Amino acid sequence: MEAHPRLLKALEVRLPDDHCKIMPFIVKHDNTVLYGVRDAVSGRGEGERMAGTPSCQDQAYQPPTGPVSVQPVPETPAASVAGGPAQTHTAYEFVREYMAFLLPRDLNVLWTIGAMLVAVLALMLLSGLTLALTYTPDASLAFTSVETLERRVPFGWLLRSMHMTGATFFMAALYLHVFRGLCYGSYRAPRQGLWGVGTVLLMMVMITAFAGYVLPWGQMSYWGADVAGKAVGAIPLVGNMLERVFLGGDAPGTATLHRMFVLHFTLSFAIVGMVILHVAVLHARGSTSPSGPVGQNRARMLPFHPYFTVKDGLGVVVLAILFTLVMCFWSGLVTEAENYRPANPLHTPADIEPEWYFLPFYGMLQAVPSKFFGLLVSGGAVAILLFVPWLDRGASATFVAGRWGGLRWLPRVALAVLVCSFVLAGLAGRHHVQGVWLLVGRLATLGYYLYFLGFLPFYSRLARKEARS
Amino acid sequence: MSFPVRSLAAGRWGGLRRLPPVALGVLVCSFVPAGQGAFMASAQAAPPPGAPAHAPAQNWSFNGPLGHFDLGAVQRGYAVFAGVCASCHSLTQVHFSDLGDMGLTPEQVTALAASWQVAAGRDAEGHLKHRKATPDDALPRPYADPDAARAANRGAVPPDLSRITQVYPGGPDRVYALLTGYTPVKAPASAAGTDAERHPAPTPPEAGFANPYAIGHRTAMPPPLRDHAVLYADGTQPTAQQEARDVTTFLAWISNPHADDKRRLGVGVGLYLCFLACLLVILKRRIWSHVSK
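Chains U and R, in that order, are what the protein sequence lines are. Going by our numbering, the first residue of the first sequence is number 17, and it counts up by one from there. Going by our numbering, the first residue of the second sequence is number 1249, and it counts up by one from there.
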């Protein structure tokens, strides 16, 4: 791929510098595409000119039609649908601008999780819409309609297992995404809004996941709804009313299913809207970089396409491989056997536990003796993420650059404690916080909150003091 | 139960039966796949005295990520189900058309359905009417409701078998062990015997049948299988053990009828995605080749 220096020189002579500037949309079938990259290219170091890439060479070897050769513009589907020339221009500009979005070149694999989340969300939406064609939200019919889906509807088994596996993968990727944000301080100015939108998105996804888990109306669905209703009922003053609104009666039933179905269905589209907002804010604020502000230098950035489309594409395909392995060969990882028993209000299962992604919060709920405070603590564990930008007021430079080397290990240790606390709270939740797990659950809850309420303010104050001196 | 079957069973499980029940319980708990059992064992230090024995692992054709159902065994298992189990157990979620996937042509499915009678409303005098089933019908239930089932089975409701190998702790291994593991009535050294000795209250014979794989080592289900209980069309010898194997295979298949499709799809999609990933790795390296870190 490295072009010979002499060849490069020849190319530069042949191609005026504004060649790339007026280069239209996708230039060539080749792996490099040259629209809108002039800004990115101009800031780059020696020997990295786009002129050295094959597509520019192809351009150069065409019979000269003038000083500047302009390729015919391929019709994009968006443009052809848009109609009038002005609109075409707008849609075209829009795609062009998004494809030329500059990203730090040193983004690591954790930054491809966003693309994976978008891919899984699309899969969830499509499979969910087709599942909704068969599903009946009625207490006496829901379980049978899901069984019909799995047994008789053509490829219903595939749609349902994709949807179930997708839920697990979506939550796992989302937790990793949040972890990346905490790890690299993606919430710091000027990206508080981005972080806020993301946290609201996390909450919406959790509600959607819970509502979706109730729908099959198996034993765990029913008793999960029951436990959640009782948890809501523990709120003082309005609790009883809220519980009745949530369940639509005294116990989970058809009314609950209608509520959960509508919630699940509408929230999923609200999530799509929020994701669009999230991406729009990201484009307005720019991406963080693992190397901090150094990486956000425009000179060290690359356009989204083709550099990050191929990287994200690879990430999505690797995720798809994992997804296929889990879905087809180890589906026991994402299914709950007890939920294949139809809901039975007269028979309480031996242990009611939520899906794995709620276990940490379930553990925190149980670790606190009071029901209401348990609810506050476990709900607060998510809500506290909203306030992270104001809890950690340190400059973004201090965290990653580690200018004061002595304490560079501290954030890593704190983050490790946070992750361990989260996992341990989940394990405690799984073990119903009995015996030794009660202690573990309480310590984990404490560790989780200490990171946000203790470490972040302390460390950012320390960093600011350091920066002033 | 014929002699060779019993001696085989004694050879396989005799050792296990001699283990003290506590050790057996720990064994069971540590093997429950969901992992809840393992915790229960560690938290309470000893399982409840009636914990079912650990079912020995069987070499099923559908085991493992690349297994597949032996459709011959599934069909034989259907014969056992229809001839033996269906008199008490239901398959409420299954329609006759679903049985086509065990390797039957549509004509065979229609003929198979026609051998069953389903309720078809009431006639002018209010008597129940019956008709031959069609492929679109669900398999009929043996009892109209749980109360009727309880009345007919001395207070026990035979569980629905639609998802039995998925929801039954221990899965197909335990179903098979339960079907073949009945303690002979006069066997003083059996696990059920020791259990009864530790709890001096004499268990009346009405309480069920001794079976180390049942909860509390008693089950309400009488030993269902005997040699030549059904006639196999393919000439396989219908020994009780063979029948248990076949019916377990059938129940595992009916619990997860598209598992084979899924695994086949997984192999194809996995290979395709690996190939695609290789191409993308090459493409990514090519595109990023001139970027210095």
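Using N, Cα and C, we set each Cβ at its ideal position, and we do this for glycine too. These numbers come from a predicted model, not from an experiment.
Whose C-beta lies closer than 8 Å to the C-beta of residue i among residues of the same chain, with five residues either side of it excluded?
i	result
Ser1309 (chain R)	Gly1315, His1316, Phe1317, Asp1318, Ala1321, Thr1497
Thr92 (chain U)	Low per-residue confidence applies at Thr92 (chain U): pLDDT is 43, beneath 50, and the placement is therefore not dependable, though the value from the model is reported in the following sentence. Only Phe41, Ala107, Tyr108, Val111 meet the Cβ criterion.
Phe159 (chain U)	Pro232, Trp233, Gly234, Pro358, Ala359
Phe474 (chain U)	none
Val29 (chain U)	Low local confidence applies: a pLDDT of 39 at Val29 (chain U) is under 50, so the model's placement there is unreliable, with the coordinate-based value given in what follows. Taken in chain order, the list of residues that qualify is empty.
Can you give me the Cβ contacts of residue i inside the same chain, cut-off strictly under 7 Å, excluding the 5 residues immediately before and after it?
i	result
Arg446 (chain U)	Glu369, Leu375
His1538 (chain R)	none
His179 (chain U)	Met140, Ser143, Gly144, Leu147
Ala1462 (chain R)	Pro1300, Leu1426
Pro405 (chain U)	Tyr203, Arg204, Gln208, Trp211
Ser476 (chain U)	Asp408, Arg409, Gly410
Which residues in chain U sit within 9 Å of residue i, going by Cβ to Cβ distance?
i	result
Ala1525 (chain R)	Leu330, Val333, Val334, Ala336, Ile337
Arg1411 (chain R)	Glu163, Ala353, Tyr356, Arg357
His1343 (chain R)	Thr164, Arg167, Arg168
Pro1313 (chain R)	Leu341, Cys344, Phe345, Trp346
Compare the C-alpha of residue i against each of the options and name the closest.
i	options	result
Arg121 (chain U)	U:Asn313, U:Lys481, U:Gly379, U:Ala383	U:Asn313
Asn1401 (chain R)	R:Leu1528, R:Pro1486, R:Ala1481, R:Cys1336	R:Cys1336
Tyr229 (chain U)	U:Gly240, U:Met219, U:Met220	U:Gly240
His299 (chain U)	U:Phe117, U:His105, U:Gly197	U:Phe117
Leu192 (chain U)	U:Gly463, U:Val288, U:Val125, U:Ser237	U:Val125
Gln1341 (chain R)	U:Tyr114, U:Met115, U:Phe468, U:Ser161	U:Ser161
Ser177 (chain U)	U:Cys344, U:Ala135, U:Gly451, U:Val291	U:Cys344
Tyr356 (chain U)	R:Ala1372, R:Arg1389, R:Asp1408	R:Asp1408
Tyr378 (chain U)	U:Ala441, U:Ser437, U:Gly214, U:Leu349	U:Ala441
Phe285 (chain U)	U:Thr224, U:Pro405, U:Thr304	U:Thr224
Gly1419 (chain R)	R:Pro1460, R:Ala1500, R:Ile1463	R:Ala1500
Pro1300 (chain R)	R:His1465, R:Leu1479, R:His1506, R:His1476	R:His1465
Ser1338 (chain R)	R:Pro1394, R:Trp1536, R:Asp1494, R:Thr1358	R:Pro1394
Arg1324 (chain R)	R:Gln1485, R:Lys1532, R:Ser1540, R:Lys1377	R:Gln1485
Pro1406 (chain R)	R:Ala1334, R:Ala1330, R:Gln1490, R:Thr1353	R:Ala1334
Leu431 (chain U)	U:Phe403, U:Gly410, U:Tyr467, U:Pro322	U:Tyr467
Thr461 (chain U)	U:Gly289, U:Asp408, U:Leu426, U:Pro385	U:Pro385
Leu198 (chain U)	U:Asp266, U:Val248, U:Pro306	U:Pro306
Pro1505 (chain R)	R:Met1469, R:Tyr1520, R:Gln1414, R:Leu1527	R:Gln1414
Using a Cβ-Cβ cutoff of less than 6 Å, which residues in the same chain neighbour residue i once the five nearest sequence positions on both sides are dropped?
i	result
Asp154 (chain U)	Thr270
Arg1238 (chain R)	For chain R, the structure presents residues 1249 to 1541; residue 1238 (chain R) sits outside this window and is missing.
Asp242 (chain U)	Pro268
Lys1380 (chain R)	Ala1362
Glu1373 (chain R)	none
Leu1387 (chain R)	Leu1339, Val1342
Pro1448 (chain R)	Confidence is the limiting factor: at Pro1448 (chain R) the pLDDT is only 45, short of 50, which leaves the residue's position unreliable and the question unanswerable from this model.
Thr1467 (chain R)	Gly1456, Phe1457, Asn1459
Ala183 (chain U)	Ala225
Ala227 (chain U)	Met276, Leu279, His280
Arg1411 (chain R)	Ser1503
Checking the sheet assignment: what are the DSSP bridge partners for residue i?
i	result
Leu119 (chain U)	U:Leu318
Arg1379 (chain R)	R:Val1366
Gly329 (chain U)	Its beta-bridge partners do not exist; DSSP assigns none.
Pro358 (chain U)	U:Gly234
Ala1386 (chain R)	R:His1343
Phe1457 (chain R)	R:Thr1467
Give me the chain R residues within the contact set of residue i, using Cβ-Cβ distance strictly less than 7 Å, ordered along the chain.
i	result
Cys344 (chain U)	Lys1510, Arg1511, Leu1513, Gly1514
Arg357 (chain U)	Val1415
Val326 (chain U)	Leu1528, Leu1531, Lys1532, Ile1535
Leu318 (chain U)	Val1539
Just to make sure I have the definition right: I need the residues of chain R whose C-beta is within less than 8 Å of the C-beta of residue i. Which are they?
i	result
Ser177 (chain U)	Lys1510
Tyr323 (chain U)	Ile1535, Trp1536, Val1539
Thr461 (chain U)	Simply none; closest approach about 19 Å.
Thr150 (chain U)	Simply none; closest approach about 14 Å.
Taking Cβ-Cβ distances shorter than 8 Å, what residues in chain U pair up with residue i?
i	result
Cys1522 (chain R)	Ile337
Gly1518 (chain R)	Ile337, Thr340, Leu341, Cys344
Can you list the residues of chain U that residue i reaches, using a CB-CB cut of under 7 Å?
i	result
Asp1346 (chain R)	Arg167, Arg168
His1506 (chain R)	Trp173
Using a threshold of 6 Å, is the CB atom of residue i nearer than that to any non-hydrogen atom of the ligand MG?
i	result
Leu1376 (chain R)	The ligand MG is absent from the structure shown, which contains no ligand whatsoever.
If the cut is a Cβ gap below 9 Å, which residues of chain R does residue i touch?
i	result
Thr364 (chain U)	Going along chain R, no residue has its Cβ under 9 Å from Thr364 (chain U), so there is no contact; the nearest lies around 15 Å.
Item to check | 4 or more residues per run - each alpha helix (DSSP H) lying fully within the segment 380-458 of chain U | outcome: 387-399, 404-407, 412-417, 425-446
Item to check | In chain order, each beta strand (DSSP E) run of at least 3 residues that lies wholly inside the segment 109-191 of chain U | outcome: 118-120
Checklist entry - In the segment 1471-1530 of chain R, which residue ranges form an unbroken beta strand (DSSP E) of at least 3 residues, counting only runs that do not cross its ends? => result none
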